[in-house]
Amino acid sequence: MSREIIATEKAPAAIGTYSQAVKVGNTVYLSGQIPLVPETMEMVEGDIEARIHQVFKNLSAVCEAAGGSLQQIAKLNIFLTDLGNFATVNKVMAEYFEQPYPARAAVGVAQLPRDAGVEMDGVLVLD
Numbered sequence: 004m005s006r007e008i009i010a011t012e013k014a015p016a017a018i019g020t021y022s023q024a025v026k027v028g029n030t031v032y033l034s035g036q037i038p039l040v041p042e043t044m045e046m047v048e049g050d051i052e053a054r055i056h057q058v059f060k061n062l063s064a065v066c067e068a069a070g071g072s073l074q075q076i077a078k079l080n081i082f083l084t085d086l087g088n089f090a091t092v093n094k095v096m097a098e099y100f101e102q103p104y105p106a107r108a109a110v111g112v113a114q115l116p117r118d119a120g121v122e123m124d125g126v127l128v129l130d
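So the sequence shown is numbered by this note's numbering: it starts at 4 and just counts up by one.
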């Protein structure tokens with residue numbers, strides 16, 4: 004089965020040896036997104052809530068470039084440097100997703116690139 008690389012200027016450019024997403028069949032593997040503003044490649048201004056919103060905006064842009072939407076994410080992985088922000092993730096996530104919600108994991112980590120505080124990746128299944 005062939006692989007298609009997904010890329011969009013509406014999400015931050017890859018800052019390493021990876022693609023924004025890879026499509027295999029009707030499944031799209033989304034690379035981790037941190038709260039970088041695509042136009043500046045700088046961290047979004049504001050608190051953790053603003054950072055979480057930016058991550059969802061970035062994921063949404065990659066999903067759209069692949070021909071889908073956030074609503075088609077089957078599995079979402081969330082990485083937080085402070086699990087005390089988990090309630091904020093739930094609050095913001097409710098603004099972007101409707102039931103049925105994706106399967107999800109939330110993992111506390113010691114550090115993320117650029118001290119982001121939050122990173123998310125996932126698996127998108129296109130209809």
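Just so you know, even glycine gets a beta-carbon here, dropped at the ideal spot from N, CA and C.
Length of the line joining the Cα atoms of residue i and residue j
i, j, result
"residue 18", "residue 29", "26 Å"
"residue 58", "residue 7", "23 Å"
"residue 114", "residue 121", "9 Å"
"residue 23", "residue 123", "12 Å"
"residue 42", "residue 21", "19 Å"
"residue 25", "residue 31", "6 Å"
"residue 78", "residue 86", "19 Å"
"residue 96", "residue 9", "23 Å"
"residue 99", "residue 48", "20 Å"
"residue 4", "residue 14", "26 Å"
"residue 2", "residue 94", "Lying before the first or after the last residue shown, residue 2 is absent from the chain, which here runs from 4 to 130."
Closest Cα partner of residue i within the set the options
i, options, result
"residue 11", "70, 128, 56", "70"
"residue 101", "34, 85, 75, 53", "75"
"residue 105", "31, 126, 36, 37", "126"
"residue 84", "37, 94, 21, 14", "37"
"residue 117", "5, 27, 35", "35"
"residue 72", "5, 130, 4", "130"
Residue i and residue j closer than 8 Å at C-beta
i, j, result
"residue 16", "residue 46", "no"
"residue 89", "residue 68", "no"
"residue 33", "residue 62", "yes"
Contacting residues, own chain, Cβ-Cβ under 8 Å from residue i (five flanking each side not counted)
i, result
"residue 91", "51, 52, 55"
Chain-order list of residues whose beta-carbon lies under 6 Å from that of residue i (same chain, five-residue window excluded)
i, result
"residue 66", "72, 73, 127"
Those runs of the alpha helix (DSSP H) which lie wholly inside the segment 38 to 74 and span at least 4 residues: 51 to 68
Segments assigned beta strand (DSSP E), at least 3 residues, entirely inside the segment 89 to 128: 106 to 111, 121 to 128
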